[in-house]
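Shown next, in structure tokens, is the structure this report addresses.
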Amino acid sequence: MQMLTLLLCSSFSLSAAFYFHIGEQEEKCMIEDIPSDTVITGTFKIQQWDIGRHDFLESAPGLGMFVKVTTYSDEVLLSKLYGPQGTFYFTSYSPGEHIICLRSNSTRSLSFGGRKLRIHLDIRIGEHDLDAAIAQAKDKVNEVAFKLEHLIEQIEQIVKEQNYQRDREENFRMTSEDTNSSVLWWAVAQTLIFTSVGIFQMKYLKDFFVAKKLV
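Here the sequence shown stands for residues -17 to -1, 1 to 198, where the numbers follow mature numbering (1 follows the signal peptide of the UniProt record, and there is no 0).
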């Protein structure tokens, strides 16, 4: 059962871990397409460039991170200042694209002595931290029960993601059909216009030749 849980959890993990470089006064934004009623967890850590070592420090004392999350309708879901490392949470109340922006609390830009920062970011969609629950489990039965509950939540999140993608596909198909229908009617209208113009020109030339007694 534990092996099955581990395999399924690793197979259906909905997360993205990466790092990027920014200046101390720069802002980095990313877009996540998220279903409705989904919990998103983001974990970050700031590393600062050390001139003497020519490497990034493991910690960046004194630096913090502003995290702001908005929807495309400019609805603010999260706006908070964290330390050099931390975890933020927010819930999507409507499906669609969400904008996640990160910026350090430093006031120094690169042109005025600011240093380069490396931001490690791990974004998990629809996942919950299971380590604390497992640590509190008193026996193997409770531990397996917690893992199964976590697995069920992941499966529900995958179903929700599939339904969301299915809705997007249906909307795209309807838009494509409307576009194709509009193109077809426009082609028919152009054909009728050209045919009418051709008939009019032929009639005009015939009347002109008759008036000039050429036929």
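All C-beta atoms, glycine included, are put in the ideal place defined by N, C-alpha and C.
All values derive from a computational prediction rather than experimental measurement.
Does residue i come out as helix, strand or coil in the three-state DSSP assignment?
i: TYR2; result: strand
i: SER94; result: Summary for SER94: the model assigns pLDDT 49, below 50, so the residue's position carries little reliability; its value from the coordinates is reported in the next sentence. The answer is helix: DSSP assigns SER94 an H, G or I state.
i: ASP38; result: strand
i: LYS99; result: strand
i: TYR76; result: coil
i: LYS196; result: coil
i: ASP190; result: helix
i: SER165; result: helix
i: SER159; result: helix
i: SER89; result: coil
i: ASN150; result: The question names Asn, but residue 150 is Asp in the sequence shown. Of the three classes helix, strand and coil, the one that applies to ASP150 here is helix, per DSSP.
i: GLY69; result: strand
i: GLY45; result: coil
i: GLY25; result: strand
Kindly indicate the opening and closing residues of the beta strand (DSSP E) around residue i.
i: LEU61; result: 59 to 65
i: LYS51; result: 48 to 54
i: ALA16; result: As written in the sequence, residue 16 is Asp, which differs from the Ala given in the question. Start and end: 10 to 17.
Going by beta-carbon coordinates alone, are residue i and residue j separated by less than 8 Å?
i: TYR55; j: GLY79; result: yes
i: GLU7; j: ARG98; result: yes
i: MET13; j: ILE83; result: yes
i: LEU100; j: ILE29; result: yes
i: SER75; j: ILE17; result: yes
i: GLY88; j: PHE49; result: The amino acid occupying residue 88 in the given sequence is Asn; Gly does not appear at that position. Yes, they are a contact pair.
i: LYS11; j: PHE3; result: yes
i: residue 202; j: SER19; result: As displayed, the chain neither begins before -17 nor continues past 198, which places residue 202 out of reach and without an answer.
i: ILE5; j: ILE106; result: no
i: PHE27; j: GLN68; result: yes
Less than 8 Å between the CB atoms is what I'm expecting for residue i and residue j, so what's the real figure, rounded?
i: GLY47; j: LEU64; result: 5 Å
i: GLN140; j: THR21; result: 7 Å
i: PHE73; j: LEU60; result: 5 Å
i: HIS81; j: GLU152; result: Rounded, the Cβ-Cβ distance is 20 Å, inconsistent with contact.
Is there a Cβ from chain B that is less than 8 Å from the Cβ of residue i?
i: VAL180; result: The chain labelled as chain B is not found in the depicted structure, where only one protein chain is given.
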